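Remarks on the structure that follows.
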Amino acid sequence: MKYTYYPGCSLKGTGRNYGESLTAVYRALDHDLEPLADFNCCGFIAYMSIDQAQALALAARNLSLAEQGGVKDLLTPCTACQVVLNRVDDFRVRYPKLMDQVLGTMREWGLEYRGTVKIKHPLEVLYDDVGIEAIKARGQGKLSGFRVACYYGCLYNRPHGITEERFFPTRMEEMFSALGIEPVDYHLKTKCCGGSLSNTVEAVGLHSIFLLLQGAKRLNVDAIATTCPLCQFNLEAYQDRVSSMFGEDVRVPVMYFSQVLGMEFGLSGEQLGLQRLFVPAKVATA
Amino acid sequence: MTQQNGHPKIGVYVCHCGINIADKVDIEQLVAFASSLPFVAVAREYKFMCSDPGQELIEQDLRDGLIDRVVVAACSPLMHEGTFRHATEEGGANPFLYQHANIREHVSWVTQDGKLATDKAKALVAAAVRRVALAEPLERKRVPIKDEALIVGGGIAGIEAALVLASAGRKVYLVEREPSIGGHMAMFDKTFPTLDCAACILTPKMVQVGQHPNVEILSYSEVEEVSGYVGNFKVRVRRKARYIDEELCTGCGVCIEKCPWKNVPSEFDQGLTERSVVYMPFPQAVPRIPVIDRENCVYFKNGKCGACKKFCPRDAVDFEQEDRIVELEVGAVILSTGFKPFDATRIPLYGYGRFPNVITSLEFERMLNAAGPTGGNVVMKDGRVPRRVGIVHCVGSRNQNYNAHCSTVCCMYSLKFAHLVHERTGAEVYNFYIDMRTAGKGYEDFYHRLMAEGTHFVRGRVAEVTDVPQVPEEEGHLVVQVEDTLIGVVRRIPLDMIILSVGMEPQADSADVRRLFGVSASADGFFLEKHPKLAPTSTLTDGVFVAGACQGPKDIPASVAQGQGAAAQALALIDGAFMELEPNTAYVTEELCSGCKTCIGLCPYNALEFNEERKVVVLNEPLCKGCGTCVAACPSGALQQHLFNDEQILEEIRGVLVSG
Chain A
174 MKYTYYPGCS
184 LKGTGRNYGE
194 SLTAVYRALD
204 HDLEPLADFN
214 CCGFIAYMSI
224 DQAQALALAA
234 RNLSLAEQGG
244 VKDLLTPCTA
254 CQVVLNRVDD
264 FRVRYPKLMD
274 QVLGTMREWG
284 LEYRGTVKIK
294 HPLEVLYDDV
304 GIEAIKARGQ
314 GKLSGFRVAC
324 YYGCLYNRPH
334 GITEERFFPT
344 RMEEMFSALG
354 IEPVDYHLKT
364 KCCGGSLSNT
374 VEAVGLHSIF
384 LLLQGAKRLN
394 VDAIATTCPL
404 CQFNLEAYQD
414 RVSSMFGEDV
424 RVPVMYFSQV
434 LGMEFGLSGE
444 QLGLQRLFVP
454 AKVATA
Chain B
25 MTQQNGHPKI
35 GVYVCHCGIN
45 IADKVDIEQL
55 VAFASSLPFV
65 AVAREYKFMC
75 SDPGQELIEQ
85 DLRDGLIDRV
95 VVAACSPLMH
105 EGTFRHATEE
115 GGANPFLYQH
125 ANIREHVSWV
135 TQDGKLATDK
145 AKALVAAAVR
155 RVALAEPLER
165 KRVPIKDEAL
175 IVGGGIAGIE
185 AALVLASAGR
195 KVYLVEREPS
205 IGGHMAMFDK
215 TFPTLDCAAC
225 ILTPKMVQVG
235 QHPNVEILSY
245 SEVEEVSGYV
255 GNFKVRVRRK
265 ARYIDEELCT
275 GCGVCIEKCP
285 WKNVPSEFDQ
295 GLTERSVVYM
305 PFPQAVPRIP
315 VIDRENCVYF
325 KNGKCGACKK
335 FCPRDAVDFE
345 QEDRIVELEV
355 GAVILSTGFK
365 PFDATRIPLY
375 GYGRFPNVIT
385 SLEFERMLNA
395 AGPTGGNVVM
405 KDGRVPRRVG
415 IVHCVGSRNQ
425 NYNAHCSTVC
435 CMYSLKFAHL
445 VHERTGAEVY
455 NFYIDMRTAG
465 KGYEDFYHRL
475 MAEGTHFVRG
485 RVAEVTDVPQ
495 VPEEEGHLVV
505 QVEDTLIGVV
515 RRIPLDMIIL
525 SVGMEPQADS
535 ADVRRLFGVS
545 ASADGFFLEK
555 HPKLAPTSTL
565 TDGVFVAGAC
575 QGPKDIPASV
585 AQGQGAAAQA
595 LALIDGAFME
605 LEPNTAYVTE
615 ELCSGCKTCI
625 GLCPYNALEF
635 NEERKVVVLN
645 EPLCKGCGTC
655 VAACPSGALQ
665 QHLFNDEQIL
675 EEIRGVLVSG
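Sequence lines, in order, name chains A and B. Residue numbering for the first sequence is 174 to 459, as defined by my numbering. Residue numbering for the second sequence is 25 to 684, as defined by my numbering.
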């Protein structure tokens, strides 16, 4: 089947290997993953706090393009993009006046949006649509015994998403377990990575990063697997700094969940963009 | 209309209701208007028609022969239709030659403009006059009442209701689905705020109800089918097979002792201990008859073992026993089916099921109990005595994501826990609450006592329970993260043990029970009472009453009060040998009935049957509730309804339309 995904800014920047690995993994499972053509910025926090209506119009433009292209499920790898795009439908119900403004702006651009596109995370789609059985069948035992801390971050399921799993999602663990990968009991899996606070309020942001890394490191993991490019960047890029700052070595490989899956499927490091990682994962390949 | 009733003489009485009506409606004009209507012989006004002098006006005019039928224009008929029907009867006329016009709730209270109000009042009076002219004298039907009662659910509310009815000399069937009566109260250790031992006050009641000659306990049984109507319910009860003959068993317990399979998690001890396959849920069980748990019994799997049978001195074990159906006929039903504790795993952030030292309130009750898993010692899973214990209020309550309602008991039992933890371990105790709600008698005193004992009270809903430390003091502990809203900071408090005070939810199968007995539910899923203030134990189905936590979260005193109240209600009903039914039932004009049977499937009360001989439909009058569904559906007009026949309704409508 052909899926369309919304890359956002990250998957063209720091999270390039996220897009590469997702595409490769979907391909390995006989599904095509194509970026949404002519997409624009989702309108994330910074803009949202200055002009909400304009920011939402940016988000809605992406949805409108998807709708025109006949896309039902728009895969959104970045959980921050996911929140903003979901907000369009959410606000339609909660703040109809604001949405009138947004749709007015859209009309000026010659666009409309009827609200038919569902935002889904590629992990959710792998679990729900592709199915664990198909994924298990593709496994090659390359990562058996590989210890992973499954880290979803705060936005994966909140405030939108699967209610029952909001605070304790388990899909990544179930998928990895089926493949013989060892997910550890990582109780910090939905804690915030600090988001943009690592730039703005360093003391808070870096402390959050430290706690998450420390928690994983103490569980002796081979890697942390993430579902969000911002989480991945925060956890990976500041490792040296927080280690010296808090006096504890918390350096540990941080990968995208798709990279872990790809390695298990036996895909090449280049296909998965492993060479772009700052902290390379050591895998005992058999 | 004159042909039917000759020349009716109608009296119209307009009530001021103090200023409630008179302030908006021009009474003088309305009375003058009424006098001008056809067949109106008398039109009067009075300040309060419902007062004795007001009613006397009607009675006197009837006695004097000035009038023979009555219209009162006043408040809603829900308030005083009965009053004025009675006055009509007292004056010597048939009480159904009466019509009520609502000019308060439908007019004066909802209309701003005086002229509009007066016009509308006129229309309603004209309608009532036209309708009452066609009214016919009717008799109330009397049906006999069964003087036995059924109580469903043998917790404290049901036990209490059974005792009241039995003491009044009525036969009571007490149906309980578990092997023993006792309900949740039997699991508790102490009760708030007096700290009475729950078993010490409950078990004498259980014994009393078990021995009472007027009470028949049907334990390990469930109601399967209910038919009939108030005063005459027919109930089918499934008595599940215990595989032990209730007549022969003496409750000696040899079977339990000899059963070699003792590894089944005990339901009564919340899975904290193990029981044998043949078991009684707890030592004081009533009736004292064990049950063989077929699911786990080796004999039922492969025919081997049978130790219980071999050793039973009375030969009471009967592996061949089957479920039995018992049919009961009762006049009244009391539902006291209780509640379900909130499942704490639904809030994963509190760690229940992940952290061994996060436990629920019911588990903690068992732990506190001398007959429970730890012999009454408060200990952690590894056997150590906790130094710091946290009690989290409102778990699954007052939370839009789970249950919006307050469980009403968790503040008080949390205080009780805090006291008992302190007393038995000397540990430091933290109570995390949203608001303290200690509204019962003596409850506030208990709260003050706990504050004096040095319990910490932190106002704020707990965000999460974690085992991931952030500072050295947290290492090896569970940590509660909470916003302390009194000082406005987020706190992290390291603790050894955490008790989740879970809320109350309707039983998982409460919707099935509702359907069985024709009872509605409020938005929170609990059984709906007839009136929240004035009929708290009645339901909209006559003869079916509710008591205890099945109607909404409540503590023991409130459950007991409702049990007793419901019993009194049931007694008042079944104490009369007969009951009078409102005559607003449907009736069939057989000559008009074509036998199309359209009506039969539509009747929600199964009151219509087809007579194959005469090829017409016949009505079982006591079952008819007067809903009018069949009357509206009947294509030939063969079905009509007393008090609401077509001509009466049409004439009423004409009255509204032509008055202005």
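All C-beta atoms, glycine included, are put in the ideal place defined by N, C-alpha and C. Keep in mind that this is a model prediction, so the values were computed, not measured.
Could you pull out every residue in the same chain whose Cβ sits closer than 6 Å to the Cβ of residue i, ignoring the five residues on either side in sequence?
i, result
"methionine 391 of chain B", "Thr398"
"leucine 158 of chain B", "Met25, Glu671, Gln672 and Glu675"
"alanine 459 of chain A", "Annotation note: pLDDT 34 at alanine 459 of chain A (below 50); position unreliable, no value reported."
"proline 15 of chain B", "With chain B covering 25 to 684 only, the question about residue 15 of chain B has no answer from this structure."
"glutamine 432 of chain A", "Ser194 and Leu445"
"threonine 622 of chain B", "Ala657"
"lysine 639 of chain B", "Gly619"
Please go through the same chain and pick out, in chain order, the residues whose beta-carbon is closer than 7 Å to the beta-carbon of residue i, but skip the five residues on each side of it.
i, result
"glycine 678 of chain B", "First, the residue type needs correcting, since residue 678 of chain B is arginine and not glycine in the sequence shown. Within the same chain, arginine 678 of chain B has close Cβ partners Arg154."
"glutamine 494 of chain B", "Arg516"
"arginine 87 of chain B", "Gly115 and Gly116"
"alanine 457 of chain A", "Confidence is the limiting factor: at alanine 457 of chain A the pLDDT is only 41, short of 50, which leaves the residue's position unreliable and the question unanswerable from this model."
"aspartate 293 of chain B", "Arg390, Gly396 and Pro397"
"proline 208 of chain A", "Tyr178 and Pro180"
"leucine 444 of chain B", "Lys214 and Leu392"
"threonine 274 of chain B", "Arg338"
Does the beta-carbon distance from residue i to residue j come in below 7 Å?
i, j, result
"proline 180 of chain A", "leucine 248 of chain A", "no"
"glutamate 246 of chain B", "tyrosine 197 of chain B", "no"
"glycine 549 of chain B", "proline 530 of chain B", "yes"
"lysine 175 of chain A", "aspartate 246 of chain A", "no"
"cysteine 336 of chain B", "proline 314 of chain B", "no"
"arginine 320 of chain A", "glutamate 375 of chain A", "no"
"alanine 67 of chain B", "serine 360 of chain B", "no"
"arginine 416 of chain A", "arginine 424 of chain A", "Residue identity differs from the one stated: residue 416 of chain A is serine in this sequence, not arginine. Cβ atoms of serine 416 of chain A and arginine 424 of chain A: closer than 7 Å."
"glutamate 421 of chain A", "phenylalanine 451 of chain A", "no"
"glutamine 586 of chain B", "threonine 561 of chain B", "yes"
Per the DSSP calculation, residue i is bridged to which residue(s)?
i, result
"methionine 279 of chain A", "Beta-bridge pairing links methionine 279 of chain A to no other residue."
"arginine 299 of chain B", "B:Val288"
"lysine 291 of chain A", "A:Asp246"
"arginine 166 of chain B", "B:Glu604"
"tyrosine 70 of chain B", "B:Cys39"
"threonine 384 of chain B", "B:Leu524"
"histidine 417 of chain B", "For histidine 417 of chain B, which the question treats as bridged, DSSP gives no partner whatsoever."
"alanine 98 of chain B", "B:Asn126"
Output needed for residue i: all residues of its chain with C-beta closer than 8 Å, excluding positions within five of it in sequence on either side, in chain order.
i, result
"aspartate 317 of chain B", "Val288, Val301, Val302 and Tyr303"
"asparagine 256 of chain B", "Val167, Pro168, Ile169, Lys170, Glu353, Gly355 and Pro646"
"lysine 282 of chain B", "Ala331, Cys332, Lys334 and Phe335"
"alanine 226 of chain A", "Leu271, Gln274, Val275 and Thr278"
Is the beta carbon of residue i within less than 6 Å of some heavy atom of the ligand MN?
i, result
"valine 382 of chain B", "Although the ligand MN was asked about, the structure shown includes no ligands whatsoever."
Residue ranges of each alpha helix (DSSP H) run of no fewer than 4 residues wholly in the segment 302-335 of chain A, ordered along the chain? The qualifying runs are 305-311.
Okay, do the segment 498-518 of chain B and the segment 533-546 of chain B touch, 3+ Cβ pairs below 8 Å being the bar? No, they do not touch.
Okay, do the segment 415-435 of chain B and the segment 234-250 of chain B touch, 3+ Cβ pairs below 8 Å being the bar? no
Which ranges would you report for the alpha helix (DSSP H) in the segment 342-367 of chain A if only whole runs of at least 4 residues count? Those alpha helix (DSSP H) runs which fall completely within the segment 342-367 of chain A and span 4+ residues are 344-351.
How about the segment 166-175 of chain B and the segment 348-361 of chain B: do they share at least three Cβ pairs that are nearer than 8 Å? yes
Quick check for students: name the residue ranges of the beta strand (DSSP E) that lie wholly in the segment 406-432 of chain A, counting only runs of 3 or more. 427-429
Three or more C-beta pairs closer than 8 Å, one from the segment 90-103 of chain B and one from the segment 112-129 of chain B: is that the case here? Short answer: they touch.
Is it the case that the segment 257-264 of chain B contacts the segment 207-218 of chain B, given that we only count it when at least three CB pairs across the two stretches are under 8 Å? no
Does the segment 298-311 of chain A come within contact of the segment 345-355 of chain A, defined as at least 3 CB pairs closer than 8 Å? For the pair of segments examined, the segment 298-311 of chain A was found to touch the segment 345-355 of chain A: the number of CB pairs separated by less than 8 Å reaches three.
On the three-pair Cβ rule with 8 Å, is the segment 183-194 of chain B touching the segment 589-598 of chain B? yes
Cβ pair count under 8 Å reaching 3, the segment 502-509 of chain B against the segment 483-491 of chain B: yes
Identify every run of the alpha helix (DSSP H) within the segment 466-493 of chain B, keeping only runs that are complete inside it and at least 4 residues long; order them along the chain. The qualifying runs are 467-476.
Report yes or no: do three or more beta-carbon pairs, one from the segment 394-404 of chain A and one from the segment 427-442 of chain A, lie closer than 8 Å? Between the segment 394-404 of chain A and the segment 427-442 of chain A there are three or more C-beta pairs closer than 8 Å, enough to call the two in contact.
Within the chosen definition, does the segment 308-320 of chain A reach the segment 276-288 of chain A through at least 3 CB pairs nearer than 8 Å? The segment 308-320 of chain A makes no contact with the segment 276-288 of chain A; the number of CB pairs closer than 8 Å stays below 3.
Extract the residue ranges of the alpha helix (DSSP H) inside the segment 242-295 of chain B, only unbroken runs of 4 or more that lie entirely within it. 278-282
Quick one: which unbroken beta strand (DSSP E) runs of 3-plus residues sit fully inside the segment 209-261 of chain A? Chain order, please. 246-248
Can you list the beta strand (DSSP E) stretches of 3 or more residues lying completely in the segment 145-232 of chain B, in chain order? Runs of the beta strand (DSSP E) inside the segment 145-232 of chain B: 165-168, 173-176 and 196-199.
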